[in-house]
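There are 2 protein chains.
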Amino acid sequence: MLELAILGLLQESPMHGYELRKELATKLGTIRAAISYGTLYPTLKRLHTAGWISENVPDGDTVPPLTSRRGRVVYKITAEGKERFADLLAQAGPETYDDAGFGVHFAFFARTDRATRLRILEGRRRRIEERREGLREILARATDRLDAYTLELQRHGLDACEREVRWLEELISNERSGRSPAAPAGDSPPAYPSPHQDRP
Amino acid sequence: MLELAILGLLQESPMHGYELRKELATKLGTIRAAISYGTLYPTLKRLHTAGWISENVPDGDTVPPLTSRRGRVVYKITAEGKERFADLLAQAGPETYDDAGFGVHFAFFARTDRATRLRILEGRRRRIEERREGLREILARATDRLDAYTLELQRHGLDACEREVRWLEELISNERSGRSPAAPAGDSPPAYPSPHQDRP
DNA sequence: GTAACGATGTATCGGATCGATACATCGAAG
DNA sequence: CTTCGATGTATCGATCCGATACATCGTTAC
């Protein structure tokens, strides 16, 4: 999952690890608070071994002992890496529908074709609907077995599910009618400031 | 984190692994969809080694070869396990405020003292507020660097944060005034079907 | 001037957890 | 009478996190 995110960001521009981590946090926002270095560096090493990225260690050829710069490794995507990224972008399996997988894929929807976008959005919706039904089941069946706090937790979870389904439905509807992702679907006004829709 | 959940459930009644997994799914609901057996059994083993639970393998003493029942191991909490559970319940550190940790602790709030409940709720609120501020920062600062889909993702995340902060505030307010967790705080009517509040 | 500090930067280790897989029992449906 | 789905125990490889260590750089404070 992280693999997709890294390749996607390096496609935009080469970066070193620290920068990559910050950009990752910005791009993924709430999905993955911040990637641990214990995840990032091994993954970068793996991507390098696979030949999808290159590691550029700038050892100043003729000036090694003067300042002895600590190696600031710049990572750059390769041609094979771009192919790999395209492959990952196009696939939509079960792992694409869980919280982390969906978030990462969604973050790169601008570079995903519409058919795949729709498949992912619908798969995710299905997933959340199942979760929602599970919670409704619990709330209908086990009301007496569970204490007030546990029930409140389930209600809060159910609320979040219903909200996400509505959100997904709006996104799906927008995709089908060829609208911008954030454009309001018609009757319901947007709750957030409009994303400057200057192309009619 | 899983340790707390297992000890908590086994405190209610002894269970075998399969049952434990199902109860865990019911109790934690949206927090942790379903615990993998690859997590559950090693954790049970660990708890057993630590002396917090006992493993009861019912090998029918005098009837070994007749049906040769596959060992259905029944796990039971020990006195030390109960102490351990109480210790875990009472502590409120940074790991108590992330998504998984908070959810598990909240699920056992019925057995947590009020002071700890308040500390955890406030710590969690702080955590979500920080996440919210981070998202606002991104939405204010990086609007032009991010595409429409990424922005929409951030907005959805921000919305979820604001919602959770409101939820936490209501819970905190209820705790302070000694109300039931799910009771409405006063002016705002509940968004979900009232949890049959037949006591006035 | 220089010492301290916070941001930048690379890297590893142990531990928690997941998903896939394997295997075995049992009751019911066909 | 056999196949199938639910029940049940268990392990393996891979992913990811949190803590930790260490080094550089610029700014601020003394």
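As you go down the protein sequences, you meet chains W and R in turn. Counting along the first sequence from 1, when you hit position 57 you're at 58 in the working numbering, and nothing is skipped either side. Counting along the second sequence from 1, when you hit position 7 you're at 8 in the working numbering, and nothing is skipped either side. The beta-carbon is built from N, C-alpha and C at its ideal position, and this holds for glycine as well. The structure displayed is predicted, hence computed values, not measured ones.
Near chain R, meaning a CB-to-CB distance below 7 angstroms, the residues of the region 131–159 of chain W are R132, L136, I139, A143, D148, A149, Y150, T151, L152, E153, L154, Q155, R156, H157, G158. With respect to the C-alpha of W/A6, the residue from W/L136, W/F103, W/G94 having the closest C-alpha is W/F103.
By the rule that beta-carbons nearer than 8 angstroms mark a contact, W/T31 touches chain R.
In the DSSP secondary-structure assignment, W/M16 is bridged to W/Y76. Residue nearest to W/G52 within the set W/L41, W/A34, W/F86, W/L25 is W/F86 (criterion: CA-CA distance). Per DSSP, the continuous alpha helix (DSSP H) segment holding R/S174 begins and ends at 149–177.
Nearest neighbour of W/K83 by Cα position, chosen from W/E163, W/P15, W/R177, turns out to be W/P15. With its beta carbon at least 8 angstroms from every one in chain W, R/F86 lies outside the interface.
The beta carbon of W/A101 sits no closer than 8 angstroms to any beta carbon of chain R. Around R/S181, the beta-carbon contacts reaching into chain W at under 7 angstroms are A149.
One Cα belongs to W/E130, the other to W/C162, and the distance between them is close to 7 angstroms. Annotated as proximal: W/F107 and R/L154, with beta-carbon spacing under 8 angstroms.
Taking 8 angstroms as the threshold, the shortest C-beta distance from R/T27 to chain W falls below it. When R/T50, R/R137, R/Q12, R/V75 are compared, the shortest CA-CA separation from R/D160 is found for R/R137. Shown here, R/I7 sits in a helix according to DSSP, grouped into three states. The C-beta separation of W/R118 from W/V166 comes to about 17 angstroms, leaving the pair out of contact by the 8 angstroms criterion. Following the DSSP letters along the chain, one finds R/E56 in no alpha helix (DSSP H) but inside the beta strand (DSSP E) bounded by residues 54–57. For R/A161, the nearest beta carbon of chain W is closer than 8 angstroms to its own beta carbon. For W/P43, the enclosing alpha helix (DSSP H) stretches over residues 38–50.
Short of 6 angstroms from the beta carbon of R/T97, and not among the five residues preceding or following it, lie these beta carbons of its own chain, in chain order: H106, I121.
For R/D114, the secondary structure class from DSSP, reduced to helix, strand or coil, is coil. Taking W/L41 as reference, the option from W/T113, W/A111, W/R128, W/G18 with the minimal CA-CA separation is W/G18. Using a Cβ-Cβ cut-off of 8 angstroms, R/G104 counts as an interface residue toward chain W, since at least one Cβ of chain W sits closer than that to its own. Residue W/Q92 holds the alpha-carbon nearest to the alpha-carbon of W/T113 among W/Q92, W/G124, W/D100.
Less than 8 angstroms separates the beta-carbon of R/P182 from that of W/Y150. Annotation: R/A116 has no Cβ neighbours in chain W at a cutoff of 8 angstroms; minimum Cβ distance is about 16 angstroms.
Taking a beta-carbon distance threshold of 8 angstroms, R/A91 does not count as an interface residue toward chain W.
Separation of the CB atoms of R/D148 and W/A111 is rounded to 4 angstroms, and the pair is thereby assigned contact status at 8 angstroms. DSSP places R/R146 outside both helix and strand once states are collapsed to three, so it counts as coil.
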